[in-house]
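Student: The structure that follows is given in the form of structure tokens.
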Amino acid sequence: MSYPANRPNPRLDSDAQAGIDVTEDFERFSQRNDVFTRAMWDDGVKSKQTQSFFASYRMEAIPRRGDGFTQRDFALRNASWLISDVVTNRHAAEGRREGFQAPISNDTPVAPQRVDIDEPARMSTEIKRIARFFGADLCGITGMDERWLYTARVDVRDMTEAPLGLPEGMTSVIVLGHEMEADLVATYPSALAGAATGREYSHEAAVVMQLAAYIRNLGYEATASMNDTGLVIPYAIQAGLGEYARNQMVITPEFGPRLRFSKIFTNLPLAHDVARPLGVRAFCDICTKCADACPVKALPYGPPSTETANVSAIRGVRKWTSDAEKCFSFWAKLSSDCAICMRVCPFNRDYSRRRHRLWLKLALSPLRKLALRLATSHGARAKPADWWAGV
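Next up, the structure:
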């Protein structure tokens, strides 16, 4: 597939509504520079501690004293990743860690006969219904925006760059949201909380593969994707699922930041959703709870900017940007992922409850300072032992 040079015309007319601010210095991102991939080849990030972190997701986890880091906690976390790991590892010998450093291979061919699609809007409604049927909690659809595609994928045999592997002519990106369990998120940082992450990666692997197979059975191309191939956050924003926040996450009105996202690239004729700015940016302008709570101070204060701490961030986009090296160093120290910033976020709430829906209306209104005051004690850490006690 032919993609534009690293510096295409960087701005689109729809950027303003999505809250995306691309500058003339924009450069598409090389996945080889994401901090997790750098930990496999860059001696500035790679260390015995980072290698132990990756090993801990196998049978090499080292339980230790401390609530949330027992053998049982690691056992649940690692079991939650199983389906994702099976998908990721099945072609690793050929250099493709699918879902992370490569798109997920088609397990079914494209049907030789296409179903005629006369009404793309109706087809979009159908796709969203099928996505829910397979288990997605959210689904939005946006146009193919090549700015967010990685410049290349990574061949994990030697960590060199390789072609992305997307078919020609993809026109749409279907973005799926997968809710993380609130009670587990409340126990971050802990190995136990990591089960909330792993479970959704395993869920999303199944969902994107099944939905992509459905589209291929209709006679159209569909490539299932998780963290690979392109940056999912801007696609999620453009698909109208939420808004970008100081904690580097997408805030959704349904689940706040408590989601993982996956995507499908397709040429199925679809109507596209539009970005829905609700007021998250204005709230984050006055809220620093995530930055205050970050143990290694990896999250930014102040307004969005184009400054980046290291190569593990896209250049030429004005936004809040974390220091990925500091963040991952803490993950490696824990031997588990950390989402304290998700836990303490005032938008991390159960919106099935009326009082939280009322708080959301307040937070997205000119009375946002009152909403922030009401969230002063919000997001306290729950004891992992209490989660187990409720099993």
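Numbering (full-length UniProt numbering), first residue to last: 1 to 391. Note that beta-carbon positions come from the ideal geometry of N, C-alpha and C, so glycine has one too.
(1) Where does Glu24 land, buried or exposed, given buried means 16+ other C-beta within 10 angstroms?
(2) In the structure shown, what three-state DSSP assignment does Phe100 receive?
(3) For Tyr201, count the other beta carbons within 10 Å of its own beta carbon; 16 or more makes it buried, fewer makes it exposed. Which is it?
(4) Between Ile141 and Asp292, which are expected to be in contact by the criterion C-beta below 8 Å, what is the C-beta distance as a whole number of angstroms?
(5) How is the alpha helix (DSSP H) around Gln280 delimited, first residue to last?
(6) Of the choices Asp85, Gln71, Ala222 and Asn217, whose alpha-carbon is the least far from that of Val173?
(7) Which one of Asp350, Arg28 and Ala298 has the shortest CA to CA distance from Arg258?
(8) Using a Cβ-Cβ cut-off of 8 Å (strictly less than) and excluding sequence neighbours within five positions of Leu370, which residues of its own chain qualify?
(9) Measure the Cβ-Cβ separation of Pro269 and Ile117 and say whether it is below 9 Å.
(10) Could you tell me the distance, in whole angstroms, from the CA atom of Leu372 to the CA atom of Ser365?
(11) Within the stretch 128 to 197, note down every full alpha helix (DSSP H) run reaching 4 residues or more, in order along the chain.
(12) Pick from Thr160, Leu184 and Phe74: whose alpha carbon is nearest that of Trp41?
(13) Measure how close the beta-carbons of Ala92 and Val35 come, nearest whole angstrom, since I'm counting them as under 8 Å.
(14) Which residue from Glu325, Thr266 and Ala186 puts its Cα closest to that of Ala339?
(15) Would Ala131 be called buried (16 or more neighbouring beta carbons within 10 Å of its own) or exposed?
(16) Thinking C-beta only, is Glu168 closer than 9 Å to residue 422?
(17) When DSSP labels each residue in this structure, what does Leu259 get in the three-state scheme?
(18) Does the distance from the CB of Phe328 to the CB of Val45 come in under 9 Å?
(19) CB-CB under 7 Å to Thr266, same chain, minus the five flanking residues each way: which ones, in chain order?
(20) Does DSSP classify Val45 as helix, strand or coil?
(21) For the stretch 313 to 368, list the alpha helix (DSSP H) runs that are entirely contained and at least 4 residues long, ordered along the chain.
(22) Give the list of continuous alpha helix (DSSP H) stretches no shorter than 4 residues that lie fully inside the stretch 49 to 106.
(23) Is Cys139 closer than 9 Å to Gly177 when the C-beta atoms are compared?
(24) For Arg27, which of helix, strand or coil comes out of DSSP?
(25) In the DSSP output, which residue or residues are listed as bridge partners for Tyr244?
(26) Straight-line CA distance for Ile264 to Asp158?
(27) For the candidate residues Lys48, Pro109 and Asn227, whose alpha-carbon lies nearest to that of Ser335?
(28) Are there 16 or more other CB atoms within 10 angstroms of the CB of Pro303, so buried, or fewer, so exposed?
(29) In the structure shown, what three-state DSSP assignment does Val22 receive?
(30) So for Ala371, helix, strand or coil by DSSP?
(31) Cα separation between Asp323 and Ala298?
(32) Take Asn106 as the anchor and find which of Arg353, Val208, Arg354 and Glu254 has the nearest alpha-carbon.
(33) Along the chain, where does the alpha helix (DSSP H) containing Thr37 start, and where does it finish?
Tutor: If we stick to the structure as given:
(1) Numbered from its first residue, the sequence shown carries residue 24 at position 24. Exposed: under 16 other Cβ atoms inside 10 Å.
(2) Counted from its first residue, the sequence shown places residue 100 at position 100. Note: Phe100 maps to coil in three-state DSSP.
(3) Walking along the sequence shown from the start, residue 201 turns up at place 201. So Tyr201 ends up on the buried side.
(4) Taking the first residue of the sequence shown as position 1, residue 141 is located at position 141. Taking the first residue of the sequence shown as position 1, residue 292 is located at position 292. Not a contact, Cβ separation roughly 36 Å.
(5) As a working mapping, residue 280 is identified with position 280 in the sequence shown. Before going further, note that residue 280 is Val rather than Gln in the sequence given. Val280 -> alpha helix (DSSP H) spans Val280 to Ile286.
(6) Reading the sequence shown from its first residue, position 173 is the one you call residue 173. Looking at the Cα atoms, Ala222 is the closest of the given residues.
(7) Numbered from 1 along the sequence shown, position 258 holds the residue referred to as residue 258. It is Asp350.
(8) Position 370 of the sequence shown holds residue 370. Within the same chain, Leu370 has close Cβ partners Leu362.
(9) Position 269 of the sequence shown, counted from the start, is the residue given in the question as residue 269. Position 117 of the sequence shown, counted from the start, is the residue given in the question as residue 117. In contact: Pro269 and Ile117 (Cβ atoms closer than 9 Å).
(10) Locating residue 372 in the sequence shown gives position 372, counting from the first residue. Locating residue 365 in the sequence shown gives position 365, counting from the first residue. About 11 Å.
(11) Counting whole runs of 4 or more residues, the stretch 128 to 197 contains the alpha helix (DSSP H) stretches 182 to 185.
(12) For the purposes of this step, residue 41 is identified with residue 41 of the sequence shown, where counting begins at 1. When each option's Cα is compared against that of Trp41, the closest is Thr160.
(13) On the sequence shown, position 92 is the one that residue 92 refers to. On the sequence shown, position 35 is the one that residue 35 refers to. Actually they are not in contact, since the Cβ atoms of Ala92 and Val35 sit about 20 Å apart, beyond 8 Å.
(14) Within the sequence shown, the letter at position 339 stands for residue 339. With distances taken between Cα atoms, Ala339 lies closest to Ala186.
(15) Numbered from its first residue, the sequence shown carries residue 131 at position 131. Counting Cβ neighbours within 10 Å, Ala131 comes out buried, since at least 16 surround it.
(16) Residue 422 is absent from the structure shown; the chain starts at 1 and stops at 391.
(17) On the sequence shown, position 259 is the one that residue 259 refers to. Of the three classes helix, strand and coil, the one that applies to Leu259 here is strand, per DSSP.
(18) For the purposes of this step, residue 328 is identified with residue 328 of the sequence shown, where counting begins at 1. For the purposes of this step, residue 45 is identified with residue 45 of the sequence shown, where counting begins at 1. Against a cut-off of 9 Å, the Cβ pair of Val45 and Phe328 comes out as a contact.
(19) Sequence index remark: in the sequence shown, residue 266 carries index 266 (1-based). Once the five neighbours on either side are set aside, the close Cβ partners of Thr266 are Met170, Ser172, Ile174, Ile215, Tyr220, Glu221 and Ala222.
(20) Here residue 45 refers to the residue found at position 45 of the sequence shown. DSSP places Val45 in coil when its eight states are reduced to three.
(21) 324 to 334, 340 to 344 and 354 to 363
(22) 71 to 80 and 82 to 89
(23) Numbered from its first residue, the sequence shown carries residue 177 at position 177. Numbered from its first residue, the sequence shown carries residue 139 at position 139. Closer than 9 Å, so yes.
(24) Your numbering for residue 27 matches position 27 in the sequence shown. Reading off the sequence shown, one finds Glu at residue 27, where the question assumed Arg. Reduced to three states, the DSSP call for Glu27 is strand.
(25) Mapped onto the sequence shown, residue 244 falls at position 244. Val250.
(26) Residue 264 sits at position 264 when you count from the first residue of the sequence shown. Residue 158 sits at position 158 when you count from the first residue of the sequence shown. The alpha-carbon atoms of Ile264 and Asp158 are separated by roughly 27 Å.
(27) Walking along the sequence shown from the start, residue 335 turns up at place 335. Among Lys48, Pro109 and Asn227, the Cα nearest to that of Ser335 belongs to Lys48.
(28) For this step, residue 303 is matched to residue 303 along the sequence shown. Exposed, by the Cβ-count rule.
(29) Working through the sequence shown from its first residue, we reach residue 22 at position 22. Of the three classes helix, strand and coil, the one that applies to Val22 here is strand, per DSSP.
(30) The count along the sequence shown starts at 1 and reaches residue 371 at position 371. Ala371: helix per DSSP, three-state reduction.
(31) The residue labelled residue 323 in the question sits at position 323 within the sequence shown. The residue labelled residue 298 in the question sits at position 298 within the sequence shown. Their backbone Cα atoms lie some 5 Å apart in a straight line.
(32) As a first step, residue 106 must be located in the sequence shown, where it is residue number 106. For Asn106, the nearest C-alpha among the options comes from Val208.
(33) As a first step, residue 37 must be located in the sequence shown, where it is residue number 37. Residues Val35 to Arg38.
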